[in-house]
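The opening residue of the sequence shown carries number 278 in the working numbering; numbering runs sequentially from there.
We put the CB at the ideal spot given by N, CA and C, even for glycine.
Just so we're clear, the structure is a prediction, and the values are computed from it rather than from any experiment.
One structure is given here, and the rest of the page talks about it.
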Amino acid sequence: VVQSNTYCLFAKKAVVWGSNDWQTDLTLEENVKRSVPAILKFFMTGYSARLDGFVIEVQGKEYSDTVEHMGETTRRVLTAVSVEDPAGNAVMDNPNIERRGWRYSFNDENIFVTTFGLCYPDTHGRYAHGAGKETDSCFVLFQPEFSFGLHGLGPDHPWDDTKKTIRQKIRYNFRDHGQLYYVPPTRYYAMAPMIVPSLEVGGKPPSWWVKPE
Numbered sequence: 278v279v280q281s282n283t284y285c286l287f288a289k290k291a292v293v294w295g296s297n298d299w300q301t302d303l304t305l306e307e308n309v310k311r312s313v314p315a316i317l318k319f320f321m322t323g324y325s326a327r328l329d330g331f332v333i334e335v336q337g338k339e340y341s342d343t344v345e346h347m348g349e350t351t352r353r354v355l356t357a358v359s360v361e362d363p364a365g366n367a368v369m370d371n372p373n374i375e376r377r378g379w380r381y382s383f384n385d386e387n388i389f390v391t392t393f394g395l396c397y398p399d400t401h402g403r404y405a406h407g408a409g410k411e412t413d414s415c416f417v418l419f420q421p422e423f424s425f426g427l428h429g430l431g432p433d434h435p436w437d438d439t440k441k442t443i444r445q446k447i448r449y450n451f452r453d454h455g456q457l458y459y460v461p462p463t464r465y466y467a468m469a470p471m472i473v474p475s476l477e478v479g480g481k482p483p484s485w486w487v488k489p490e
């Protein structure tokens with residue numbers, strides 16, 4: 278549903294794999310672990326098969342009814358996948374997650390992580406468009422960096438007043454449909470705070486990478 282309704286210009290044609298069906302008798306971590314073989318296959322074959330994304334569904338209102346809960350769910354999902362990383366990079370153990378230079382990765386592939394949850398209204402770029410409404414689901418999307426190259430997105434850049442790049446056309450499309458989102462003023466920025474954005478454009482996001490005591 279998100280893929281069909283989002284204002285990203287190439288999303289409708291994207292090739293996306295999904296996680297195993299959610300089992301209510303298992304923990305979040307146990308559910309995520311069931312999908313690790315599929316995640317590994319995705320990243321082993323993704324470039325040659327021109328795959329674009331792998332989405333993990335988490336069912337239950339308590340996982341994304343607030344931005345803070347969305348952040349904690351994201352930390353748990355990313356940690357559960359990372360501990361199974363065959364490359365052993367342990368990216369979630371990095372003490373500098375919130376700083377510039379950190380990247381989430383799996384099987385030595387850098388990943389752009391995007392989240393969609395119940396906390397985001399229809400005026401927000403992370404609105405789920407009713408996906409998983411019956412199960413109060415939220416979603417964590419893995420987009421390998423090679424996908425951006427396959428679609429010719431080019432390097433990231435700040436907001437500008439032209440529509441010369443695909444990135445800027447996408448930004449304008451979101452804005453023109455009432456879902457303006459924050460774009461950093463420089464191409465050199467920390468990635469982690471962008472994964473779970475605040476409800477307000479440019480507002481302070483939750484420190485989702487910090488494990489509650």
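Alpha carbon to alpha carbon, what distance is there between leucine 430 and glutamate 422?
One C-alpha to the other measures close to 10 Å.
Let me check understanding here. Comparing Cα to Cα, which of Pro435, Asp413, Ile388, Arg352 lies closest to tyrosine 397?
When only C-alpha atoms are compared, the closest one is Asp413.
Might you give, ordered along the chain, the residues of its own chain that have their beta carbon closer than 7 Å to the beta carbon of glycine 337, omitting 5 neighbours on each side?
Cβ neighbours of glycine 337 within its own chain (closer than 7 Å, five residues either side excluded): Asp413.
Proximity winner among Asp342, Ile333, Thr350, relative to isoleucine 316 (alpha-carbon distances)
Scanning Asp342, Ile333, Thr350 for the CA closest to the CA of isoleucine 316 turns up Ile333.
Could you give the first and the last residue of the continuous alpha helix (DSSP H) run that contains glycine 348?
For glycine 348, the enclosing alpha helix (DSSP H) has its first and last residue at 344-359.
Taking the alpha carbon of glycine 394 as the point to measure from, which residue in Gly407, Asp385, Ile388 has its own alpha carbon closest?
Looking from the CA of glycine 394, the closest CA among Gly407, Asp385, Ile388 belongs to Gly407.
From the DSSP secondary-structure annotation, give me the bridge partner or partners of leucine 418.
BP columns for leucine 418 point to Val332, Thr391.
Simplified DSSP state of glycine 295, which is helix, strand or coil:
Residue state, collapsed to three classes: strand.
Simplified DSSP assignment, three categories, for tyrosine 381
Strand.
Arginine 448 classed as buried or exposed, judged by whether at least 16 other C-beta atoms fall within 10 angstroms:
Answer is buried; the Cβ neighbour count reaches 16.
Using 8 Å as the threshold, is the region 319-328 in touch with the region 284-296, meaning 3 or more CB pairs across them?
Taking 8 Å as the limit for Cβ pairs, the verdict is that the region 284-296 does touch the region 319-328.
Run through DSSP, which three-state label would glutamate 307 get?
Reduced to three states, the DSSP call for glutamate 307 is helix.
For threonine 351, which residues in the same chain have their Cβ closer than 8 Å to its Cβ, ignoring the five residues on either side in sequence?
Closer than 8 Å at Cβ, skipping near neighbours: Val390, Thr392, Val417, Ile472, Val473, Trp485.
For valine 354 versus valine 335, is the C-beta spacing smaller than 8 Å?
Taking 8 Å as the Cβ cut-off, valine 354 and valine 335 qualify as a contacting pair.
Please report how far the alpha carbon of cysteine 415 lies from the alpha carbon of aspartate 302, in whole angstroms.
Looking at the two C-alpha atoms, the distance is approximately 18 Å.
With distances taken between CB atoms, is the gap from isoleucine 388 to phenylalanine 419 smaller than 8 Å?
Going by C-beta atoms, isoleucine 388 is nearer than 8 Å to phenylalanine 419.
Give me the Cβ distance between proline 489 and proline 470, rounded to the nearest whole Å; I'm assuming they're in contact under 8 Å.
About 18 Å separates the two Cβ atoms, so there is no contact after all.
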